[in-house]
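Numbered by the numbering used here, the letters in the sequence shown go through residues 5 to 443 in order.
Working notes, structure below.
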Amino acid sequence: MTITESIRARALRRDDSGVSLIEVVVALSLLMVLGVTVAAGLLAVQRSAMTSKQRSAAANLATREVEIVRNWFHSSDSAPLAVMTAGDATNASPLPGQTGSLVVDNVAYTVKRQVAWMIAGAGASACDGGSVVSYPSVSLHVEVTWANMGAVPAVVSDTILTPPKSVLNATYGYLAVKVVNSAGTPNAGRIVTASGPSGNFSDTTGPDGCATFVLSLPGTYTAALTEGSTGFVSFNGSSSQTASITTGSLVVRTFTYDLGESFRVTLTPPGGYALPASLPATTLGNSGILPAGLSSFTSTAGGTTVIGPVWPFASGYSIWAGSCPDSDPALDTGRPTALVPTKGTTTSTTAALQGIAVTTTRLGLRQSAQVSATYAGPGSCPAGDSVLNLGTSSSLGTLNTSLPYGSWTLSTSIGGQNVSALVDVSSAGVVSATLNGTT
């Protein structure tokens, strides 16, 4: 080997020795990924351990609540009725030295209990029972939740309590109120009241949608739902029913009740045309509305009306202007696409009016006049909008205004003469009419 070749070989060996920069970067990246994975695993283990600890504490609190109610229930002959009179409660048994939520290891827990008469027998809802009561029992449902529990399910505990036979006898009557939602399933958590000879009582529907009342005196009682001010509505519009209670019997009343939906409807004429001086009604259409599938509402000043809450039909509502039979777009090009809002919300929409260009003249000369429109089609207008004041034409005898669909008679008085014209308002476009006095 020559001297030159020996020098070149030593240089090559020096180039291959040690670790390159790229290898260092790759090694650090792998180390970082490994560190993140290990940290995530440790956090998951810690989170799982914490969740297990919290669920264990919640289970202990649920057991504690059941035992407290059980001891109370069996403490005396009058205790079962006292438990039921107290009804549902939240955090009713705080830990020593605490108020409100039950705090264990710096975690706040909420303990909810529900009690319900099981008049039809153990495991059966009173709302699905018969008419004769032999021997009722009581169901107790306890649910415990805590802060930041995320998707972790609540801890629940259920039991059945049976009062001594001497406590409840055939001198009592029973009223069960069943509440279902728009899907026909039990509507839990609704507030029900019962009032009558025995007094005034309140209860909350349980998971079976049932609220039950034990009544010491026979007579006529009124069962009512009390959440109308919070957006809940009854399917038939009534939130109360009466029931005649006799001793030893069970009477069931059923409500179809759910969170309603509302609409903010703006009457909208074509561009360049005004709203009539007196406004037509706004109509909601759905085949489920009794008795005729329609419900009309008087419009408010300015042309924007808030309607609702109304029943949350799954198929929604078509909305149009006017309550007269001919105003229904189904007789023309078809009703607008039904709107299906989310329950508990207010949806904004428009109800279209059709343009009408009126000219008022006397002996062929244009002059100002007040113009009205009277519905001329079949049937009546349930919202009272059969006669509309369209406004007053300008000094040039022009009035660009609007009307709902249908046949209308336009009328005015010009020079002491009553003048009228029949117009048919439809989706075909703007209608023109001239009212000409000849005297």
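Ideal Cβ placement from N, Cα and C applies to all residues, glycine included.
Query raised in the report: Based on the DSSP secondary-structure assignment, which residues constitute the bridge partners of Ile293?
Result: In the DSSP output, where bridge partners are listed per residue, Ile293 has none listed.
Looking at the structure shown, is Gln102 part of a helix, part of a strand, or coil, going by DSSP? coil
### Message
For Thr234, tell me which candidate among Pro333, Phe259, Tyr113, Glu265 has the shortest Cα-Cα distance.
### Response
Glu265
Discussion item. Taking 8 Å as the limit between beta carbons, can you name the residues of its chain near Lys430, skipping five residues before and five after?
Written reply: Note on identity: in this sequence residue 430 is Ser, with Lys being the wrong assignment. Same-chain partners within the cutoff: Asp336, Gln358, Tyr409.
| The alpha helix (DSSP H) enclosing Val87, as first and last residue numbers | 83 to 90
Note the first and the last residue of the continuous beta strand (DSSP E) segment covering Cys214.
-> 214 to 219
Query raised in the report: Is Arg68 helix, strand or coil when you go by DSSP?
Result: helix
| The beta strand (DSSP E) with Thr438 in it runs from where to where? | 435 to 441
| said: In this structure, how does DSSP classify Arg4 when only helix, strand and coil are distinguished? | reply: As shown, the chain starts at 5 and ends at 443. That puts residue 4 outside it, with no answer to give.
- Query: Taking DSSP as the reference, what is the three-state secondary structure of Arg194?
  - Reply: coil
Cβ of Ile323 within 8 Å of Cβ of Thr286? yes
Assuming Ser390 contacts Thr405 (C-beta within less than 8 Å), just tell me the rounded distance between them. With 8 Å as the limit, Ser390 and Thr405 do not qualify as a contact, their Cβ atoms being about 17 Å apart.
Next item on the list: Report all residues from its chain with a CB closer than 7 Å to the CB of Gly381; omit the five preceding and five following residues, and keep chain order.
Entry: Cys328, Pro329, Asp330, Gly410, Ser411
Q) According to DSSP, is Val184 helix, strand or coil? A) strand
Would you list the one or two residues that DSSP bridges to Ser330? Here residue 330 turns out to be Asp, not Ser, going by the sequence shown. Partner(s): none; Asp330 has no beta bridge.
- prompt: Alpha carbon to alpha carbon, what distance is there between Ser33 and Asp20?
  reply: Note that Asp20 has pLDDT 48, beneath the 50 cutoff, so the model's placement of it is unreliable and the number below is only indicative. Each residue's alpha carbon lies about 23 Å from the other.
Quiz prompt | Met122 in three-state terms, based on DSSP | solution = strand
Q. How about Thr351 and Pro345: are their beta carbons less than 8 Å apart?
A. yes
**OP:** Report, in whole angstroms, the separation of the C-beta atoms of Thr416 and Val423, which I expect to be a contact under 8 Å.
**Re:** 6 Å
Check your understanding: What residue from Asn110, Leu288, Glu71, Ser79 has the CA that sits closest to Lys57's CA?
Key -> Asn110
Mind checking which residues open and close the beta strand (DSSP E) that includes Gln374?
374 to 379
Let's test the definition: count the other Cβ atoms within 10 Å of the Cβ of Asn204 and tell me whether it reaches 16, buried, or not, exposed.
exposed
What does the Cβ neighbour count give for Ser398, buried or exposed, with the cut at 16 atoms within 10 Å? exposed
C-alpha gap between Ala437 and Val375, whole angstroms: 11 Å
Less than 7 Å between the CB of Thr260 and some heavy atom of the ligand NAD, yes or no? Within the structure as shown, the ligand NAD is missing, as the structure has no ligands at all.
**Whole-angstrom distance between Phe236 and Thr230, CA atom to CA atom** = 9 Å
Stretch pair the segment 146 to 154 + the segment 176 to 192: three plus CB contacts closer than 8 Å = no
Among Phe259, Val362, Thr216, which residue has its Cα nearest to the Cα of Ala278?
Val362
Margin query: Just list the residues that DSSP pairs Ile249 with in beta bridges.
Written below: Gly223
| Buried or exposed (CB count within 10 angstroms, at least 16 for buried), Gly419 | exposed
task: For Ser82, count neighbouring C-beta atoms within 10 Å of its own C-beta (all shown protein chains included) and say buried if the count is 16 or more, exposed if not.
output: exposed
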